[in-house]
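Beneath this line is the structure, given in structure tokens, with notes to follow.
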Amino acid sequence: MAIKLIAGPCVIESAELLDTVAERLVAINRRLGVEIIFKASFDKANRTSLTSFRGPGIDRGLRMLADVKSKWGLRLLTDIHEAWQAAPAAEVVDVLQIPAFLCRQTDLLLAAAATGRTVNIKKAQFLSGADMRFPYEKAREAGAGEVWLTERGNIYGYNNLVVDFRNIPDMLRIAPTVVMDCTHSVQRPGAAGGKTGGNREFVPAMARAAKAFGANGFFFEVHPAPDAALSDGPNMLPLDELENLIKTLL
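Heads up, my numbering is the position in the sequence shown plus 12, with the first residue counted as 1.
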């Protein structure tokens, strides 16, 4: 099975940012003979602070993502947070992602499955890998064709995440595709004075360790200038570092 690769900015900041990242992903795909799925969120509904940037919203955000697909020919992934968002998002994107905190929301899973799109369910920070059998079964029994599971770490203490890499083989017993979210797993939730901090220097090691445990998908949030990003900057990988990291995984 070819590995699944997902990359893009945390949130849609501007059309210019989307084009900058998409152009680079197309070039990497061509040089390395891979397919990177483009990821960006139209709304970050679970930000730490009320004043945090959330994105352009579903209507404008989906139009911007459709422009990326039309212009660059990339497959797309985006998050949905409410069941009603599944159908309109599925008209544009190829993969609907269920955020980790929402992976037990039955109506959300059923709505995503009903679209016929691939559903990527992120493991909640409070669940074990084995617990993901139940969200997976909900989506499959609701008619989803392809369901991926994504590891993104567990909360074991305040403002920190720890990855138990045994979750990867545990989830591979449930689903054929298990993705390692290499950037959200180095978050420091709420640790930066009303916003999320992170340790992006550990992203490459997270990816290599996940591969050693059998992960066959890798998710990277990337940005040309992470320190200036409007969401999740401290844990995003600089765009210029993505290609070499993918080479190590290949």
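Backbone N, C-alpha and C fix where the C-beta goes; we use that ideal spot for every residue, glycine too.
Identify, in the order they occur along the chain, each residue of the same chain with its Cβ nearer than 6 Å to the Cβ of residue i, setting aside the five sequence neighbours on each side.
i, result
"Ala156", "Ala125 and Val131"
"Glu158", "Thr130"
"Asn247", "Thr195, Val198, Gln199, Gly210 and Arg212"
"Asp182", "Gly141 and Ala142"
"Leu122", "Ala154"
Inspect the beta-carbon positions of residue i and residue j and report whether they are closer than 8 Å.
i, j, result
"Pro236", "Gly245", "no"
"Ala102", "Phe232", "no"
"Ile24", "Gly67", "yes"
Select from the options the residue whose C-alpha is nearest the C-alpha of residue i.
i, options, result
"Gly169", "Asn179, Glu153, Phe138 and Val191", "Phe138"
"Asp31", "Trp84, Gly67 and Gly45", "Trp84"
"Thr144", "Asp55, Thr127, Ile180 and Val174", "First, the residue type needs correcting, since residue 144 is Met and not Thr in the sequence shown. Ranking Asp55, Thr127, Ile180 and Val174 by Cα distance to Met144 puts Ile180 first."
"Thr195", "Ala187, Pro111, Leu249 and Thr189", "Leu249"
"Leu114", "Ala57, Arg220, Val215 and Val104", "Ala57"
"Phe65", "Ser197, Glu255 and Ala240", "Ala240"
"Glu163", "Ala142, Asn171, Glu149 and Lys150", "Ala142"
"Asp55", "Gly45, Ile40, Leu254 and Ser26", "Ser26"
"Arg72", "Leu88, Arg178 and Ser53", "Ser53"
"Ala112", "Leu161, Pro100, Gly128 and Thr127", "Leu161"
"Arg87", "Leu44, Thr118, Lys16 and Glu28", "Lys16"
Which same chain residues end up closer than 7 Å to residue i when comparing Cβ atoms and leaving out the 5 residues on each side of it in sequence?
i, result
"Arg152", "Val159"
"Leu184", "Val190 and Gly226"
"Ala219", "Met192, Cys194, Phe230, Leu257 and Leu261"
"Leu251", "Val33, Arg36, Val234, His235 and Pro236"
Going along the chain, which residues of its own chain have a beta-carbon closer than 8 Å to the beta-carbon of residue i, five neighbours each way excluded?
i, result
"Leu120", "Ile92, His93, Glu94, Ala95, Ala98, Ile110 and Leu114"
At the 8 Å Cβ level, is residue i part of the contact set with chain C, yes or no?
i, result
"Ala241", "No chain C appears in the structure shown, which is made up of a single protein chain."
- Could you tell me which uninterrupted beta strand (DSSP E) segments, each at least 3 residues in length, are contained entirely in the stretch 138-221, listed from first to last along the chain? Listed in chain order, they are 159-163, 166-169, 172-174 and 190-193.
- Message: If we require 3 or more residues per run, which beta strand (DSSP E) segments fall completely within the stretch 15-43?
- Response: With a minimum length of 3 residues, the continuous beta strand (DSSP E) runs that stay inside the stretch 15-43 are 16-20.
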